[in-house]
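Before any comments, here is the structure.
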Amino acid sequence: MNPSSNSKKSSFLELLSNSLIFCESKSKSPFITKIVGIEKTKPFEKTNEKLHAYKNLFKTNFKIPKAFKLSSFNLITSQAFKKEKIKNISLNFINKYSKLKSEWKFKHLALTTQMKVLEDELETRKKELKTTNAEFDSKKNELVVTIAKLDTQNKKLEAKNAELDVLNKELIAQIKELEASNIEIYYQKKEFEASNANLNVCNQELEALNEELTAQTKKAESSNAELTARFKELEASNTKINDQNKELKISNYKLAAQIRELEASNIKLTSQIKESETKTSNFELAAYKNNLKVSNAELKKDELKDQLMHYIENPSKSSFNVHKESHHDLNENEINPLKSLVRSFEIASNTGTLMGDLN
Numbered sequence: 001m002n003p004s005s006n007s008k009k010s011s012f013l014e015l016l017s018n019s020l021i022f023c024e025s026k027s028k029s030p031f032i033t034k035i036v037g038i039e040k041t042k043p044f045e046k047t048n049e050k051l052h053a054y055k056n057l058f059k060t061n062f063k064i065p066k067a068f069k070l071s072s073f074n075l076i077t078s079q080a081f082k083k084e085k086i087k088n089i090s091l092n093f094i095n096k097y098s099k100l101k102s103e104w105k106f107k108h109l110a111l112t113t114q115m116k117v118l119e120d121e122l123e124t125r126k127k128e129l130k131t132t133n134a135e136f137d138s139k140k141n142e143l144v145v146t147i148a149k150l151d152t153q154n155k156k157l158e159a160k161n162a163e164l165d166v167l168n169k170e171l172i173a174q175i176k177e178l179e180a181s182n183i184e185i186y187y188q189k190k191e192f193e194a195s196n197a198n199l200n201v202c203n204q205e206l207e208a209l210n211e212e213l214t215a216q217t218k219k220a221e222s223s224n225a226e227l228t229a230r231f232k233e234l235e236a237s238n239t240k241i242n243d244q245n246k247e248l249k250i251s252n253y254k255l256a257a258q259i260r261e262l263e264a265s266n267i268k269l270t271s272q273i274k275e276s277e278t279k280t281s282n283f284e285l286a287a288y289k290n291n292l293k294v295s296n297a298e299l300k301k302d303e304l305k306d307q308l309m310h311y312i313e314n315p316s317k318s319s320f321n322v323h324k325e326s327h328h329d330l331n332e333n334e335i336n337p338l339k340s341l342v343r344s345f346e347i348a349s350n351t352g353t354l355m356g357d358l359n
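For the sequence shown, the positions run 1 to 359 when UniProt numbering is used.
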């Protein structure tokens with residue numbers, strides 16, 4: 001084997017590997033490496049594995065048998081075969097490299113667009129985070145204030161809880177007292193139930209008595225209705241009697257006034273009679289006396305005079321009841337002739353006295 005051919009082969013492979021490494025170094029930026037690290041660099045690992053495989057192909061140590069070392073023709077043919085093989089491998093490598101490069105460019109463009117989108121999203125997220133942080137800070141301050149208030153309230157509640165504990169102890173003591181009183185009330189309840197049974201028997205007896213009393217009250221109500229009707233009738237009759245009494249009183253006042261007038265007229269008559277003693281004769285006086293006697297006999301002077309004067313002077317209930325039958329239906333038309341009779345009785349009495357004096 002020629003050492004020059006081996007050096008050329010090694011230099012060509014080194015150039016290819018360096019070019020690949022240079023392209024990779026150019027394409028890789030610090031920001032992209034982060035994203036590739038995030039996406040797990042599987043395609044780069046595959047390409048590196050392929051490159052190492054190609055390098056190992058050229059570094060293979062072919063063991064040449066002793067029979068082939070003697071003939072130079074075989075060496076030439078083997079070298080030509082190796083050269084063709086290397087050409088084919090290099091062509092395949094170049095084609096694959098170009099394909100990988102185009103794929104890498106396409107992926108690089110996609111990654112750059114994604115990076116721009118992600119940068120925009122990061123900026124928006126940063127702005128949102130600033131606003132949210134400001135809100136969180138304000139809320140944090142509010143929470144600090146509320147926590148301080150809650151601490152004060154907790155202290156107050158602790159004081160109230162201490163007071164409530166004291167009250168609970170007092171209530172427990174009261175509950176025990178109430179339980180003891182409830183036991184007493186339970187026994188009292190049993191006694192009351194026994195007494196209620198006795199009272200129910202008494203109530204039944206009282207209901208029977210009430211029924212009897214209701215029957216008696218109904219009878220009394222019916223009798224009261226009759227009595228009220230009679231009482232109303234008596235009231236009506238009493239009103240009539242009172243009206244008649246009032247009328248009789250008025251008539252009495254009128255009769256008294258007329259009697260006074262008669263007394264005045266009697267005084268005048270006495271004076272006239274005294275004057276006419278000298279003028280009139282005894283015959284006229286006797287005739288006048290006889291006429292008066294006839295009128296007095298007809299009218300029953302003495303009885304009627306006593307009754308009327310007694311009624312005029314004492315218009316009481318006893319006298320009214322005595323003469324009720326005789327004077328119940330008296331009218332003004334019947335009272336007027338009585339008044340004239342009284343006047344005549346007065347005149348007759350006065351004339352009788354005068355005639356007695358004359359005789």
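Glycine is no exception: its CB is placed at the ideal position from the N, C-alpha and C atoms. Quantities reported herein were computed from a predicted structural model and do not represent experimental measurements.
query                                                                                                                                              : result
Taking just the CA atoms, how far does alanine 215 sit from serine 195?                                                                            : 30 Å
Quick check on leucine 171: buried or exposed, where buried means 16 or more other Cβ atoms within 10 Å of its Cβ?                                 : exposed
Whole angstroms are fine: how far does the CA of lysine 219 sit from the CA of leucine 199?                                                        : 30 Å
Rounded to whole angstroms, what's the CA-CA distance from aspartate 165 to aspartate 137? Just pull it up for me.                                 : 40 Å
Does the beta carbon of alanine 194 come closer than 8 Å to any beta carbon on chain D?                                                            : Going by chain labels, chain D is absent from the structure shown, which holds only one protein chain.
Looking at the ligand ZN, does it come within less than 7 Å of lysine 190, judged from the CB to the closest heavy atom?                           : For the ligand ZN, the structure offers nothing, since it holds no ligand at all.
Should tyrosine 253 be labelled buried (16 or more other beta-carbon atoms within 10 Å of its own) or exposed?                                     : exposed
What's the gap between the Cα of lysine 126 and the Cα of tyrosine 97?                                                                             : 41 Å
Assign leucine 178 to buried or exposed, taking buried as 16 or more other Cβ atoms, counted over all protein chains shown, within 10 Å of its Cβ. : exposed
With a threshold of 16 other CB atoms inside 10 Å of the CB of phenylalanine 231, please say whether the residue is buried or exposed.             : exposed
In angstroms with no decimal places, state the Cα-to-Cα distance between asparagine 133 and lysine 140.                                            : 10 Å
From the DSSP output, in three-state form, read off lysine 189 for me.                                                                             : helix
Is it buried or exposed, leucine 111, if we count other Cβ atoms within 10 angstroms and call 16 or more buried?                                   : buried
May I have the straight-line CA-CA distance separating valine 144 from lysine 155, to the nearest angstrom?                                        : 17 Å
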